[in-house]
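Under the working numbering, the first residue of the sequence shown carries the number 16, and numbering increases by one thereafter. Positions of the beta carbon are idealized from the N, C-alpha and C atoms, including for glycine. Bear in mind that the values here come from a model prediction, so they are computed numbers and not experimental data.
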Amino acid sequence: MESTSQDFACAHRWVPTNETVYRLSPRLRWILLYWFVSIIFMDYINTFGYDRVPMNSPPLPDIGFDAIAKVSGSEAPVSLPFNPTDFATICICASVILLSIYEWRTCRNRKLKHLFAIYAILMNMRTVTIISTPLPTPYTKGPCRDDHRPITNRFLTGLGYAFALGFKQFLSTPQCGDLIFSGHTTFMWIFTLHLLRHASILHSLWRKIAVYIVMSIGAIHIIATRNHYSVDVVLAIIMSSIVHQLFYSSLQLSYLSKEHGTHWTGQLLLWIDFGGAPPSTGSETAELLDADGVEMTGVNS
16 MESTSQDFAC
26 AHRWVPTNET
36 VYRLSPRLRW
46 ILLYWFVSII
56 FMDYINTFGY
66 DRVPMNSPPL
76 PDIGFDAIAK
86 VSGSEAPVSL
96 PFNPTDFATI
106 CICASVILLS
116 IYEWRTCRNR
126 KLKHLFAIYA
136 ILMNMRTVTI
146 ISTPLPTPYT
156 KGPCRDDHRP
166 ITNRFLTGLG
176 YAFALGFKQF
186 LSTPQCGDLI
196 FSGHTTFMWI
206 FTLHLLRHAS
216 ILHSLWRKIA
226 VYIVMSIGAI
236 HIIATRNHYS
246 VDVVLAIIMS
256 SIVHQLFYSS
266 LQLSYLSKEH
276 GTHWTGQLLL
286 WIDFGGAPPS
296 TGSETAELLD
306 ADGVEMTGVN
316 S
């Protein structure tokens, strides 16, 4: 059976045998460590943002709140018997896991390295926004208004935030002040972009629309429950899209441009991708880029 370009590109570089061995590569372990430390550090910094939240200030005017209030007929945060945001998060995360298992024989860790590197970069950016300008809590009654007690141990509280992974029912201390750049939206959106880029089964327009609908339900619910302002969700989607596109554009440029490939940023991207220098031939470069769904023209060996 003849291999597809994606199978050849991945197998040629990353898989020495045809055996399916579910083992994390050393580079993926380093990237996961970087991602984990980024999460812990971000949540540790969030404990300082918690202390700086202007508790006596009313929520800021928000077009999302106003629109949802008109539809629901109530100014209170929307309350449902189940959490659509958690449901959307679980669906998207499970889809990425299934995609990774399905493609493990041919691509192993390659796409997971991309995903967690991009995610870690976004968490580094979010660390800055968390501490820069604390905003008033989006709701008038709730944990961050009624139960805002001093933090006794910042490190343990930061670990609690990190291991809750956005599911607030696991938190003993409310996670206040993590506004401007919604972490939950970032998680959902970056995983959604990963699926839309790499899952060939989603290349149908209607299937893409279905994925966007699931994502949109989760994002709208975040606004409806007033866990975030509308701008928090919008900014998370915009920044995630920009960083995701910039990562892959820079990676492709690192393969095609010797000057960019030898710069430290290009070398880092190439190390993340497969741990080596740019391919020596144009045909090899085209095959590697084609594995990411990029149609290359005019690349000669």
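- The stretch 248-279 is shown to contain no whole beta strand (DSSP E) run of 3 or more residues.
- Here serine 94 carries a coil assignment [DSSP, helix/strand/coil].
- Rounded to whole angstroms, the Cβ separation of isoleucine 238 and isoleucine 83 is 7 Å, and the two are in contact under 8 Å.
- The three-state secondary structure of tyrosine 134, taken from DSSP, is helix.
- Here the C-alpha atom of threonine 62 lies approximately 34 Å from the C-alpha atom of arginine 125.
- The three-state reading of DSSP puts valine 226 in helix, counting H, G and I together.
- Here DSSP, grouped into helix, strand and coil, assigns methionine 57 to helix.
- DSSP places isoleucine 166 outside both helix and strand once states are collapsed to three, so it counts as coil.
- A check of alpha carbon separations from aspartate 288 across Ser197, Leu208, Phe131 identifies Phe131 as the nearest.
- The Cβ atoms of valine 111 and phenylalanine 206 lie closer than 7 Å to each other.
- Comparing alpha-carbon positions, the option among Phe102, Leu284, Ser219, Thr200 lying closest to leucine 268 turns out to be Leu284.
- Put simply, the backbone Cα of proline 153 is about 19 Å away from that of aspartate 58.
- Cβ contact annotation for leucine 39 (same chain, cutoff 8 Å, sequence separation greater than five): Leu47, Asn124, in chain order.
- Scanning its chain for C-beta atoms nearer than 6 Å, with the 5 sequence neighbours on each side dropped, one finds around proline 92 the residues Tyr154, Thr240, Arg241, in chain order.
- Cβ atoms of alanine 251 and phenylalanine 196 come within 8 Å of each other, at about 6 Å.
- The shortest C-alpha to C-alpha distance from leucine 208 to any of Trp45, Gly233, Phe51, Val226 is the one to Val226.
- The C-alpha of proline 149 lies about 18 Å from the C-alpha of histidine 199.
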